[in-house]
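S.K.: The following block contains the structure, expressed as structure tokens.
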Amino acid sequence: MEGVLIIIGVVAVFALVVVLIVWFLKRSYAKYAELWGRIAPAVGGVSKGSKMSGTFEGRPLRARLNAVGGGENSNTTYYFEVVLESPPRGTDWKITYGGEKLFGFGEKHWHVSTRDEGLKQRLEQAGVLAEVAHWGNYPQLEYKAKRGTLEYKAEVPGMYSIPDRTEFDAQLALLSRLARINEQVNGA
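Below is the structure:
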């Protein structure tokens, strides 16, 4: 009899855990659907959970909230990321804010990083640093040549921190301008 009661107790606890997980996921998905609904029309977007896909100026686009960390004794850091597809070409490059020396030491400013010094000069001459100079949240912008993706990544305060429509439109416009510059200066 004792064994049966233990099995019933374990099954009841397991069922309760499953019910709580399903409840949390439904609630979370409903919250994301509400938040994505504010910006999805800008890209004809379709969302599922913390991710959305759509198109912008004829280019495929993906956006998501990404959680990094959260392991034992660490905090979770959240990022809002937008990936705009662009024709694969040339060399990888990145625009970041910080020091250019090892581990980010040195004077902090916007800078272009790439293995191709000529491309770095062409990007700077084309005005990419002026494009990001006013961005106070210091996003990281990265072009991955093999994938043909231009990525915007910025730290946000929490797991439901999706930008409002005005901010999202500005992010899209920035990615669009950088994609056009990339097509002009980054070899085919």
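Note that my numbering has the sequence shown beginning at 515, numbered continuously upward.
No residue lacks a Cβ here, since even glycine has one placed at the ideal position from N, Cα and C.
With DSSP as the reference, identify every bridge partner of Lys660, one or two as the case may be.
M.R.: DSSP output for Lys660 lists no bridge partner at all.
S.K.: How close, in whole Å, do the beta carbons of Thr720 and Glu669 come, if the pair is a contact with beta carbons under 8 Å?
M.R.: This structure cannot speak to residue 720, because the chain is shown only from 515 to 702.
S.K.: Which one of Pro602, Gly641, Tyr593 and Phe594 has the shortest CA to CA distance from Lys660?
M.R.: Measuring from the Cα of Lys660, the nearest candidate turns out to be Pro602.
S.K.: From the DSSP output, in three-state form, read off Tyr674 for me.
M.R.: Residue state, collapsed to three classes: coil.
S.K.: Let me check you understand the geometry: is the CB of Ala577 closer than 7 Å to at least one non-hydrogen atom of the ligand GDP?
M.R.: The ligand GDP is absent from the structure shown, which contains no ligand whatsoever.
S.K.: Any chance the stretch 666-685 sits against the stretch 626-642, with 3 or more Cβ pairs inside 8 Å?
M.R.: As far as the Cβ criterion goes, the stretch 666-685 does not touch the stretch 626-642, which means the pair count is below three.
S.K.: Taking Cβ to Cβ, would you say Lys622 is nearer than 8 Å to Gln654?
M.R.: Against a cut-off of 8 Å, the Cβ pair of Gln654 and Lys622 comes out as no contact.
S.K.: Alpha carbon to alpha carbon, how far is Ala544 from Leu633? Give it in angstroms, no decimals.
M.R.: So the two alpha carbons sit approximately 44 Å from each other.
S.K.: Kindly indicate which residue of Lys667, Ala644 and Arg691 has the alpha-carbon position closest to the one of Arg714.
M.R.: There is no way to answer for residue 714, as the model of the chain reaches only from 515 to 702.
S.K.: Terminal residues of the continuous beta strand (DSSP E) containing Glu681?
M.R.: Segment Arg679 to Val699 is the alpha helix (DSSP H) holding Glu681; no beta strand (DSSP E) there.
S.K.: Quick check on the DSSP output: the alpha helix (DSSP H) that includes Val642 runs from which residue to which?
M.R.: Val642 to Val646 is the span of the alpha helix (DSSP H), which, as asked, contains Val642.
S.K.: To the nearest angstrom, report how far apart Thr605 and Val524 are at their CA atoms.
M.R.: Computed Cα separation, rounded: 57 Å.
S.K.: How big is the Cα-Cα spacing for Val671 and Phe594?
M.R.: Residue identity check: residue 671 is Pro in the sequence provided, not Val. Roughly 10 Å separates the two Cα atoms.
S.K.: Flag this pair as yes or no: are the beta carbons of Leu598 and Trp624 separated by less than 8 Å?
M.R.: No, they are not a contact pair.
S.K.: Relative to the alpha-carbon of Ile676, which residue among Arg552, Ile520 and Ile521 has its alpha-carbon at the smallest distance?
M.R.: Minimum Cα distance to Ile676 is reached at Arg552.
S.K.: When the Cα atoms are used, what is the spatial distance from Leu519 to Phe528?
M.R.: C-alpha separation (whole angstroms): 14 Å.
S.K.: Closest to Gly559 by CA distance: which of Val596, Arg541 and Gly583 is it?
M.R.: Among Val596, Arg541 and Gly583, the Cα nearest to that of Gly559 is on Val596.
S.K.: By alpha-carbon positions, which one of Gly620, His648, Glu697 and Tyr652 ends up nearest to Lys658?
M.R.: Closest by alpha carbon: Glu697.
S.K.: Leaving aside the five residues before and after Thr628 along the sequence, list all residues of the same chain whose C-beta is less than 8 Å from its C-beta, in chain order.
M.R.: Thr605, Asp606, Trp607, Lys608, Lys634 and Leu637.
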